[in-house]
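Heads up, the thing below is written out as structure tokens.
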Amino acid sequence: MLDIKLIREQPDVVRAGIHAKHSEDVVDQVLDLDRERRAIIQEVEVLKSRRNTVSEDIAKLKRAKENADEKIAEMKGVGDEIADLDNRLREKELALNLLLDTIPNMPHPSVPIGNDASGNVEMKRWSPNGDQSAFTKREGLDHLALGERHKLFDFKRGAKIAAAGFPVYTGRGAQLERAFINFMLDLHTRAHGYTEVLPPFFVNSPSLRGTGQFPKFADQVYHMPEDQLYAIPTAEVPVTNLYADEVLTMESLPLMHCAFSACFRREAGSYGKDTRGFLRVHQFNKVELVKFVLPETSYEEHEKLTADAERVLELLEIPYRRMLCCTGDQSFSNTKQYDLEVWAPVEGNWLEASSCSNFEDFQARRANIRFRREQKAKPEFVHTLNGSGLATSRLMVAFLETYQQPDGTIAIPEVLHPYLPFSAIE
RNA sequence: GGAGAGGUGGCAGAGUGGUCGAAUGCGACGGUCUCGAAAACCGUUAUACCUUCGGGUAUCGAGAGUUCGAAUCUCUCCCUCUCCGCCA
Numbered sequence: 085m086l087d088i089k090l091i092r093e094q095p096d097v098v099r100a101g102i103h104a105k106h107s108e109d110v111v112d113q114v115l116d117l118d119r120e121r122r123a124i125i126q127e128v129e130v131l132k133s134r135r136n137t138v139s140e141d142i143a144k145l146k147r148a149k150e151n152a153d154e155k156i157a158e159m160k161g162v163g164d165e166i167a168d169l170d171n172r173l174r175e176k177e178l179a180l181n182l183l184l185d186t187i188p189n190m191p192h193p194s195v196p197i198g199n200d201a202s203g204n205v206e207m208k209r210w211s212p213n214g215d216q217s218a219f220t221k222r223e224g225l226d227h228l229a230l231g232e233r234h235k236l237f238d239f240k241r242g243a244k245i246a247a248a249g250f251p252v253y254t255g256r257g258a259q260l261e262r263a264f265i266n267f268m269l270d271l272h273t274r275a276h277g278y279t280e281v282l283p284p285f286f287v288n289s290p291s292l293r294g295t296g297q298f299p300k301f302a303d304q305v306y307h308m309p310e311d312q313l314y315a316i317p318t319a320e321v322p323v324t325n326l327y328a329d330e331v332l333t334m335e336s337l338p339l340m341h342c343a344f345s346a347c348f349r350r351e352a353g354s355y356g357k358d359t360r361g362f363l364r365v366h367q368f369n370k371v372e373l374v375k376f377v378l379p380e381t382s383y384e385e386h387e388k389l390t391a392d393a394e395r396v397l398e399l400l401e402i403p404y405r406r407m408l409c410c411t412g413d414q415s416f417s418n419t420k421q422y423d424l425e426v427w428a429p430v431e432g433n434w435l436e437a438s439s440c441s442n443f444e445d446f447q448a449r450r451a452n453i454r455f456r457r458e459q460k461a462k463p464e465f466v467h468t469l470n471g472s473g474l475a476t477s478r479l480m481v482a483f484l485e486t487y488q489q490p491d492g493t494i495a496i497p498e499v500l501h502p503y504l505p506f507s508a509i510e
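According to our numbering, the first sequence is numbered sequentially starting from 85.
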């Protein structure tokens, strides 16, 4: 959520941001509602002030055992008038908040203007020893064929017991998946200073609103109507909302969490697009990085968080590139977004394995997450950041394709050996 | 699932219709005292919104109701705790 004061004072700046993100321009409606809202507030507060004064007078008269009937009669109608105005006020505020919830966060000046992914800018490319030939298409089996050959997954049975897009990991596939997760969690907790959290996989709707999934992406989230709970699309939701309605101390910042969770996404509207195997699934595993930081440090922290995610790929020796997402491709809630794309040599394609974002105070304002610089200072909103570090589904694709040997076996890099009872999939 | 208890300021804890945004204690902060500290004493100690910047309004788990007036009475919901049952 944007600060209403920003919209009031710099409507053109907000309009420009909305257009850059291809969102609906509701600025004029917001300004109108804001004006009407404030007019009603002023009107009703005069009445409330009078009611308070007269009620006090009545109390004094009663205590003095004097007659207060006249004053009571005078106030008879005022209560109704106030209730009436309060109702109108509530309507205006409801409408205003509904609109405010649909306004995206403003892009950072460093973000290129663009319509879609084609406007994204490649910032860097990494491969072991800087070998550029790593980024070429190679002959070989794709992840589905490799999975079948070594019995690593069972998509058919996943579809039988749940639905298409709910993969089953089997045997060494399950062990490899678990190794990825443990390796990443250990790296982030031991080397990068994150504190691990294992959150609930279901959350309530205020949490989804807090991080910005609701109301805009409500149709992408699995819903359990009986219990009014939603399956998390990412651990970002429970972990960021951990501190909703709290005031953090200065010393606790930056507060850094990493969290494993399964992630659930309906992917409504994207059927038929990259649906093979792990390329697009309804349930996948992810280790998420979440930071709560001082506002003045958030861009620096964003770089560090992205580097922490990149470190996973570097240690696994998976070639990748970092993309700076343009305004048209970045998400609703963030100001700046880096995507990490792994190179899948057999697909001959880049696959998004991570998305690292700075939200500034957009989520903090929605979820009401604040901090205090000093004991008596006014609370301020923190800046929140998060990034996948990483999602395993696309990583698995790139990993299998990258590490397959000419004989069809799959090598396992040294860093994963402590996590596996085998050193190659043969 | 059944039975009961309870949700008040950073914490503890009073308050059952009227100077109650809320006693008191603790904590925290500032000051006096001290070479310094402790103790003692004095003071300060929520947040948000509106504002013609004087001030005003709201908030005692949430919402609705009764009333001139609600932390206090009524209703609905949510949450926490205890006991019993069931259970990974």
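Glycine included, C-beta positions come from ideal geometry on N, C-alpha and C. Treat the numbers as computed from the prediction; the structure is a model and nothing was measured.
Annotation for E425: the continuous beta strand (DSSP E) segment containing it runs 420-428.
The beta-bridge partner set that DSSP reports for H103 is empty. Between T476 and K370, the beta carbon gap of about 7 Å places them in contact (Cβ cut-off 8 Å).
Under the three-pair Cβ rule at 8 Å, the segment 224-238 counts as touching the segment 485-504.
Between the alpha carbons of D112 and L326 lies a distance of about 34 Å. Less than 8 Å separates the beta-carbon of S291 from that of V321. With fewer than 16 other Cβ atoms inside 10 Å of its own Cβ, N199 counts as exposed.
If you ignore the 5 residues before and after A319, its C-beta comes within less than 6 Å of the C-beta of P283, A343, S345, E372, all in its own chain and listed in chain order.
The segment 302-373 is shown to contain whole alpha helix (DSSP H) runs of 4 or more residues at 320-325, in chain order.
Within the same chain, Cβ atoms closer than 6 Å to the Cβ of G257 are found at L236, F237, the five residues on either side in sequence being excluded. Assigned with DSSP and collapsed to three states, H192 falls in coil, not helix or strand.
The alpha-carbon of H467 is positioned some 58 Å away from that of K149. Cβ-Cβ separation between F285 and I316: approximately 5 Å, consistent with a contact (criterion under 8 Å). For S415, the closest of G471, N171, L90 by C-alpha to C-alpha distance is G471.
With a cutoff of 8 Å on beta-carbon distance, S382 and N418 are scored as not near each other. DSSP places T254 outside any beta strand (DSSP E), giving it a letter other than H or E. When the alpha-carbon of E177 is set against those of F239, K155, I88, I197, the nearest one is in I88.
The beta carbon of K208 lies closer than 6 Å to those of R406 in the same chain, with the five residues before and after it left out.
In this structure the segment 106-123 lies against the segment 184-195, because at least three pairs of beta carbons, one per stretch, are closer than 8 Å. Separation of A157 and D168 (C-alpha to C-alpha, rounded to the nearest whole angstrom) is 19 Å.
DSSP places Y404 in the strand class (E or B) of the three-state scheme.
In the three-state reduction of the DSSP assignment, E436 falls in the strand class, which pools E and B. In this structure, the alpha-carbon of V377 lies about 43 Å from that of L131. Note on the segment 107-167: whole alpha helix (DSSP H) runs with a minimum of 4 residues are 111-147, in chain order. A Cβ-Cβ distance of about 5 Å is found for the pair S438 and L474, placing them in contact under the 8 Å criterion.
The shortest C-alpha to C-alpha distance from V138 to any of Q126, I125, I124, D153 is the one to D153.
With the rule of 3 Cβ pairs closer than 8 Å, the segment 359-367 counts as touching the segment 239-254. Classified as exposed, K240 has fewer than 16 neighbouring CB atoms from the shown chains inside 10 Å of its CB.
Your pair L173 and V128 checks out as a contact, with CB atoms roughly 6 Å apart and the cut at 8 Å. In this structure, P196 is the residue among E464, P299, P196, E385 with its C-alpha nearest to the C-alpha of L408. The distance from the Cβ of V481 to that of L400 is about 13 Å, inconsistent with a contact at the 8 Å cut-off. Nearest to I125 by alpha-carbon distance, out of E398, N171, Y253, T295, is N171.
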